[in-house]
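Written out below as structure tokens is the structure these notes cover.
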Amino acid sequence: GLSGKLRICAAVTFARIHVMPHLPAFLAQHPELEIEVVLDDRNVDLVHEGIDVALRMGRLVDSALVARKVASSRISVLGTEAYFARRGVPATPGDLLAHDAVIYAQRGGGAVWTFRRADAELSVTVQGRLRVTAAEGVRAAVLAHAGLAVASEWMFAPELADGTVRTVLNDWELPKLDLWAVFPAGRSATTKVRAFIRFVEEILGGRPEAEAPDQPHAQ
Numbered sequence: 007g008l009s010g011k012l013r014i015c016a017a018v019t020f021a022r023i024h025v026m027p028h029l030p031a032f033l034a035q036h037p038e039l040e041i042e043v044v045l046d047d048r049n050v051d052l053v054h055e056g057i058d059v060a061l062r063m064g065r066l067v068d069s070a071l072v073a074r075k076v077a078s079s080r081i082s083v084l085g086t087e088a089y090f091a092r093r094g095v096p097a098t099p100g101d102l103l104a105h106d107a108v109i110y111a112q113r114g115g116g117a118v119w120t121f122r123r124a125d126a127e128l129s130v131t132v133q134g135r136l137r138v139t140a141a142e143g144v145r146a147a148v149l150a151h152a153g154l155a156v157a158s159e160w161m162f163a164p165e166l167a168d169g170t171v172r173t174v175l176n177d178w179e180l181p182k183l184d185l186w187a188v189f190p191a192g193r194s195a196t197t198k199v200r201a202f203i204r205f206v207e208e209i210l211g212g213r214p215e216a217e218a219p220d221q222p223h224a225q
């Protein structure tokens, strides 16, 4: 088994739903291992914070990191059944103009939702009186029936499974969200880091391109 300390970093909501429930099993496999989890929705400085490996979503911009793609999630328009019962179900992207949106305002923007289907692309500027800067807040607002959101299906996995929340406009595509495991470029991945990455891959059902090499992240 592994030993020593492993310091990992992940976004709050993703970690709460997909990582924390499984960590006891990982620790049970490695009785000599200690794990410190830093939960932060921002991209923290891995070297400065002493992070061994971070799980990051979306587009990577830090060229001082090595990145390994772990999995991808669909991005969808989601809402609660209670919201749909009250406001109706949008049948086309244009119908969203008559709905309340919960806008994820991280890094600015968030009100323009772009849909693709075959050769068609359609952008809708949604109407939302509620803007939230953290994924946990978007999740809480949607579950309080405040409106629809564009979000990763990872974020609502428990509610999609039990039917509280459902996706709509499924014949249109939104960009996928990639999950990356990243670590500092000057440091080769330790046995602990590689074992943790494999563990996360197993949780999320394996990586799409089985053994793609690690990628230095120059932009």
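Quick note, the numbering used here runs 6 ahead of the 1-based positions in the sequence shown. Think of the CB as a built atom: it goes at the ideal place given N, C-alpha and C, for glycine as much as any other residue.
Counting only residues of its own chain and dropping the five nearest sequence neighbours on each side, T86 has a CB closer than 7 Å to the CB of V148, L149, H151, T170, V171. In the DSSP assignment, T86 falls within the unbroken beta strand (DSSP E) covering 81-86. In chain order, P99, F121 place their CB closer than 6 Å to the CB of L128, counting only its own chain and leaving out the 5 sequence neighbours on each side. The Cβ atoms of E159 and S82 lie closer than 8 Å to each other.
Out of G192, A191, A187, the CA that lies nearest to the CA of F205 is found in A187. One thing to note: V132 has its Cβ within 8 Å of the Cβ of A107. Taken atom to atom, the span from the alpha-carbon of A163 to that of H36 is near 28 Å. Distance from R92 to E179 at the Cβ level is roughly 27 Å; contact not present, criterion being Cβ atoms closer than 8 Å. DSSP places W178 outside both helix and strand once states are collapsed to three, so it counts as coil.
Unbroken beta strand (DSSP E) runs of no fewer than 3 residues, entirely contained in the stretch 142-178, are found at 155-158, 171-174, following chain order. Around the beta carbon of D58, 16 or more other beta carbons lie within 10 angstroms, which makes this residue buried.
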